[in-house]
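Just so we're aligned, residue 177 is where the sequence shown starts under the working numbering, counting upward by one. Ideal placement from N, C-alpha and C gives every residue a C-beta, glycine not left out. Computed from a predicted model, the values in this text were never measured in an experiment. Shown next, in structure tokens, is the structure this report addresses.
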Amino acid sequence: RNTNNLTMTMASAARGSLLSLRRVCQGGGGVLGNASVFSEGILSGRGVATPTLRALPVPLFTINADVDVTRCFSSAPEGRKSMLRMHAVSLYQANYDDEENDAEWKDEAQPEGKQTFLDPRDGRKAEEEEEATWWLYDGTQESRDALEAMREKEAQKKRWIQNARPPVRVSEIDERGRAYGRGSRKTAQARVWVQPGEGEIVVNRKDFITYFPRESDRDHVLGPFVASQTCGKFDVTAMVQGGGLTGQAGAIRLGLARALEKYNPDYRPPMKRHGFMTRDARMVERKKVGKVKARKSPQWVRR
177 RNTNNLTMTM ASAARGSLLS LRRVCQGGGG VLGNASVFSE GILSGRGVAT PTLRALPVPL
237 FTINADVDVT RCFSSAPEGR KSMLRMHAVS LYQANYDDEE NDAEWKDEAQ PEGKQTFLDP
297 RDGRKAEEEE EATWWLYDGT QESRDALEAM REKEAQKKRW IQNARPPVRV SEIDERGRAY
357 GRGSRKTAQA RVWVQPGEGE IVVNRKDFIT YFPRESDRDH VLGPFVASQT CGKFDVTAMV
417 QGGGLTGQAG AIRLGLARAL EKYNPDYRPP MKRHGFMTRD ARMVERKKVG KVKARKSPQW
477 VRR
């Protein structure tokens with residue numbers, strides 16, 4: 177109740193101020209430069225102070241005496257009520273509960289046999305497919321099965337074509353200008369980095385010739401350079417562990433080939449033809465019970 181009284185009191189004060197200003201305007205021409213109409217009363221209880229005129233240092237507006245000022249706030253003719261309406265609206269007593277009038281939303285029933293698509297292009301493709309296969313469907317179960325089998329076959333062909341396309345390979349070089357490759361052979365694991373240089377090869381912080389005394393192991397490691405025709409153009413740094421020298425040489429060769437592919441994907445086809453990009457899956461066969469090794473039998477003695 178106090179809130180409603182305060183709202184109505186404020187609306188009455190504003191209406192009284194506007195009516196006072198309208199009487200001043202209709203009273204005759206003149207200058208209202210130092211007059212302003214505001215309510216200076218203090219709202220207390222249900223009483224409202226009478227609006228008065230207060231002098232201001234700066235003029236708000238000027239009314240010319242030669243101009244008709246009988247239509248200041250409204251365009252309504254004389255003898256008719258003003259079109260200006262001022263009333264208070266109580267926001268606190270407003271009813272915002274619309275649960276009773278709220279419409280109940282229900283999902284529309286999906287027509288049987290009709291499929292909806294989020295992307296319009298999928299819908300157009302389905303329509304084109306239906307137009308192309310209308311002669312195959314006559315409403316029977318056999319025609320439905322034949323149409324479904326044909327669609328599965330077409331989808332499988334599309335997957336085969338997509339899988340047959342070679343992947344797009346890009347160069348992968350770090351901030352130091354190096355390409356990295358990882359290789360393995362038997363129980364040996366190698367990490368290899370290549371970068372443009374003069375052909376220096378370092379294995380486990382040792383010289384290449386010192387680490388691999390056998391010439392067959394050296395030829396094994398240099399195979400990717402020969403296939404890609406890049407001998408003497410790259411410096412190689414390899415870290416290898418596990419296995420013997422033969423297994424480590426095979427691990428370094430695979431890591432070197434992968435690193436060259438990362439540096440320039442154009443090197444892949446010749447190395448692939450020579451088998452340098454394939455991991456050798458052969459491992460040492462385990463020893464069997466009653467055998468000397470995996471398959472070697474002990475020496476036979478007559479007596």
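Practice problem: Below 6 Å CB to CB, which residues in the same chain sit around residue 474 once its five sequence neighbours on both sides are set aside? | Solution: So the list reads 468, once near-sequence residues are dropped.
(request) Please say whether residue 430 and residue 347 have beta carbons closer to each other than 8 Å? (result) no
**Q.** Helix, strand or coil at residue 386 [DSSP, three-state]
**A.** helix
C-alpha gap between residue 342 and residue 382, whole angstroms: Approximately 39 Å between the Cα atoms of the pair.
Could you check whether residue 399 and residue 452 sit closer than 8 Å to each other, using their CB atoms as the reference points? Yes, the Cβ-Cβ distance between residue 452 and residue 399 is below 8 Å.
| Who are the Cβ neighbours of residue 463 in its own chain at under 7 Å, not counting the five residues just before and after it? | 469 and 470
**Request:** Would you kindly check if the distance between the Cβ of residue 439 and the Cβ of residue 378 is under 8 Å?
**Result:** In this structure, residue 439 does not lie closer than 8 Å to residue 378 by Cβ.
Between residue 401 and residue 372, is the Cβ-Cβ spacing less than 8 Å? no
Do residue 416 and residue 424 have their CB atoms nearer than 8 Å? For residue 416 and residue 424, yes; Cβs fall inside 8 Å.
Excluding five sequence neighbours on each side, which residues of the same chain lie with their C-beta closer than 6 Å to the C-beta of residue 367? 358 and 415
Going by DSSP, what residue range makes up the beta strand (DSSP E) through residue 372? 364-372
Bounding residues of the alpha helix (DSSP H) (the contiguous stretch that carries residue 434)
421-439
Best match in 362, 447 and 391 for proximity to residue 427 [C-alpha to C-alpha] | 362
* Asked: For residue 449, which residues from the same chain have a beta carbon less than 8 Å from its beta carbon, with the 5 sequence-adjacent residues on both sides left out?
  -> 403
- Query: For residue 384, which residues from the same chain have a beta carbon less than 6 Å from its beta carbon, with the 5 sequence-adjacent residues on both sides left out?
  - Reply: 377
- Query: Under the three-state reduction of DSSP, which class applies to residue 410: helix, strand or coil?
  - Reply: strand
* In three-state DSSP terms, what is residue 119? -> Past the boundaries of the shown model lies residue 119; the chain is included only from 177 to 479, so the question cannot be answered.
Could you tell me the alpha carbon to alpha carbon distance between residue 444 and residue 326, rounded to whole angstroms? 39 Å
Report task. Give the DSSP-derived three-state secondary structure of residue 357 in the structure shown. Result -> strand
In its own chain, which residues sit with a C-beta less than 8 Å from the C-beta of residue 391, not counting the 5 before and 5 after it? Short of 8 Å from the beta carbon of residue 391, and not among the five residues preceding or following it, lies no beta carbon of its own chain.
*Can you tell me the Cα-Cα spacing of residue 478 and residue 365, whole angstroms?*
C-alpha separation (whole angstroms): 47 Å.
Next on the checklist: DSSP three-state label for residue 397, please.
Outcome noted: helix
- For the alpha helix (DSSP H) that contains residue 337, what are its first and last residues? 317-340
Quick check on DSSP: helix, strand or coil for residue 453? Correct three-state label for residue 453: coil.
Output yes or no for whether 8 Å exceeds the beta carbon distance between residue 406 and residue 432.
no
> Using the C-alpha atoms, what's the distance from residue 338 back to residue 352?
Replying inline: 36 Å
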